[in-house]
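Novice:
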Amino acid sequence: MNLEEKNNYPQNICKKDSKEGLVLINTGNGKGKTTAALGLALRAAGHNFKVLILQFIKAPYYRTGEAKIMEKLKPLIEIEQLGRGFIKFKNGKPELTKEEIDNAIESFKYAREKIYSSKYDMVILDEINNLIDYGLLKVEDVLDLIKNKPKELCIVLTGRNARRELIDIADTVTEMKEIKHASSKGVKARKGIEY
Ligand code: ATP
Ligand code: MG
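Quick note: the sequence shown uses this note's numbering, first residue 19, plus one each step.
Okay, here's the thing in structure tokens:
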């Protein structure tokens with residue numbers, strides 16, 4: 019993103035008071051979107067914030083390092099995988115099954131209930147941008163959820179191709195940019211690095 023594009027995004031549309039929870043987005047094609055969000059969860063939990071991490075697309079059987087370690091940090095941090103695993107692509111387009119469509123609707127409903135429960139100080143919606151990008155969630159529904167969130171709740175959205183409408187209402191938006199990635203020279207996903 020160049021400076022001109024950056025300046026086209028609205029800044030400080032309205033002032034937020036110090037108690038109002040921020041909305042953060044980690045997007046872009048480089049590595050680090052999810053791991054940066056996990057870092058935030060740790061930082062917030064260090065101050066006794068109650069954190070909920072909901073991982074879309076990722077399935078419980080993945081047993082990622084973050085899922086294993088965060089389970090030990092209960093009740094400060096709760097983590098759940100709501101998805102059914104990687105979505106298949108054909109000619110650059112997602113090949114969506116009925117199960118994936120139903121799962122996205124159910125997962126979002128669950129996220130909404132958790133957010134409106136007002137039990138949390140920070141909720142991370144990991145990979146939610148991808149669900150919107152694949153047409154599995156409507157951006158309007160996510161906007162509506164954010165606009166009606168409990169005032170003090172901080173929300174973090176991750177995933178590639180964050181929609182402009184979400185970037186506009188977010189407070190902090192970071193684009194991870196790939197300079198190089200080991201996968202391009204055939205290095206397979208590594209334990210402790212990728213999962
Ligand atoms: P991470 O979970 O490591 O912070 P991410 O959230 O930025 O990565 P995703 O787009 O969610 O990345 O990708 C999911 C998986 O693909 C992760 O295992 C991640 O490490 C890996 N990955 C991330 N960026 C790239 C890339 N540019 N090329 C290949 N694989 C990548
Ligand atoms: Mg990710």
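Cβ coordinates follow ideal geometry from the N, Cα and C atoms, glycine included. Small disclaimer: the values here were computed from a predicted structure and weren't measured.
#1: Rounded C-beta distance between Ile43 and Leu175? I'm assuming under 8 angstroms.
#2: By the 10 Å Cβ neighbour count, where 16 or more other Cβ atoms means buried, how is Asn121 classified, buried or exposed?
#3: Given a cut-off of 8 angstroms, decide if Val41 and Ile146 are closer than it, judged by their beta-carbon atoms.
#4: From the DSSP secondary-structure annotation, give me the bridge partner or partners of Asp144.
#5: Helix, strand or coil: which one does DSSP assign to Ile31?
#6: Along the alpha helix (DSSP H) that carries Leu161, what are the first and last residues, could you check?
#7: Taking contact to mean at least 3 C-beta pairs separated by less than 8 angstroms, is the stretch 132-143 in contact with the stretch 106-113?
#8: Apply the 10 Å Cβ neighbour rule to Lys34 and answer buried if 16 or more other Cβ atoms are within range, or exposed otherwise.
Specialist: A quick look at the data gives this:
#1: 5 angstroms
#2: buried
#3: no
#4: Gln73
#5: Low confidence applies here, because Ile31 scores a pLDDT of 48, under 50, leaving its location unreliable and the question unanswered by this model.
#6: Val157 to Lys165
#7: no
#8: By the neighbour-count definition (other C-beta atoms within 10 Å, threshold 16), Lys34 is an exposed residue.
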